[in-house]
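Have a look at the structure below before the remarks.
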Amino acid sequence: MNPLIDLSLLLAEFDPRTGTIGDEPCVQRRLADLRGCFHDVQAYERALEQGNALVYSVASFQPADGPGDLHCGLGVLQPGLVGDEYFLTKGHLHTWREAAEIYIGLSGEGVMLLEDEATRGSRMLPLQANSIVYVPGHTAHRTINTGDQPLAYLGIYPAGAGHDYHAIAKQDFDSVVLRCDGHPRLRSRT
Ligand code: PAN
Ligand code: ZN
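Residue numbers (this note's numbering): 1 to 190.
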């Protein structure tokens with residue numbers, strides 16, 4: 001892609017129904033791809049029996065590929081619940097652990113769950129239109145839709161960051177975000 005491309009032109013090509021931006025690559029994650037992510041295993045199996053729903057899509061665009069360049073992902077996370085847990089992304093650490101990321105909320109209502117890899121300390125930060133969440137390096141991050149509309153956001157990260165899903169699969173987030181009395185609450189997984 002031309003590195004001088006105008007972001008607003010790119011967003012104008014965004015199709016919220018499909019989560020795609022023109023011909024840019026787009027990853028879709030369905031319920032079956034999220035096995036092991038939800039704390040209530042029985043609720044997960046019951047939800048899957050109802051159908052393999054689309055949970056989120058991420059269209060990525062990479063204006064340039066040098067080590068100092070930035071990559072962007074436009075995520076659209078659908079609203080929904082598995083038991084008392086909101087629809088969420090898999091979550092990851094960056095392979096290059098020092099790599100930070102900026103999330104910009106575009107529409108909908110959600111939160112980011114951030115977990116420091118060394119201390120395992122968790123934070124839940126709001127992500128909604130016009131809000132920005134800074135994800136420092138060495139921090140596992142997961143996006144969660146706490147509203148009833150799709151949550152759209154941009155993630156901007158160094159081209160060389162890489163996505164380490166393996167570390168999360170081996171040692172899951174210590175905390176979960178659950179719907180309690182209609183509100184998102186940060187709870188310990190166990
Ligand atoms: C985002 C994420 C996006 C999907 O672009 O990749 O929200 O989440 P998972 O990658 O955990 O499935 C990002 O953080 N990129 O680094
Ligand atoms: Zn990331």
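Positions of the beta carbon are idealized from the N, C-alpha and C atoms, including for glycine.
Exposure of P136 is indicated by the presence of fewer than 16 other C-beta atoms within 10 angstroms of its C-beta. Pairing R142 with G51, the inter-Cα distance amounts to about 23 Å.
Taking all protein chains shown into account, V41 has fewer than 16 neighbouring C-beta atoms within 10 Å of its C-beta and is therefore exposed. For S131, the three-state secondary structure derived from DSSP is coil. Shown here for D33: same chain residues with a beta carbon closer than 8 Å to its own, the five before and five after excluded, namely V55 and K90 in chain order.
Judged by the Cβ position, T139 fails to qualify as a neighbour of the ligand PAN at the 7 Å threshold, every heavy atom of the ligand being at least this far.
For the set L10, A159 and G110, the Cα lying nearest the Cα of H71 is the one of A159. In the structure shown, the three-state DSSP call for Q50 is coil.
In this structure, DSSP gives A167 a helical state, which the three-state scheme calls helix. I132 places its beta carbon 8 Å or farther from that of Y165. Pairing L77 with F87 gives a Cβ-Cβ distance under 8 Å. Straight-line measurement puts the Cα of D23 at about 26 Å from the Cα of I144.
In the structure shown, the three-state DSSP call for A59 is strand.
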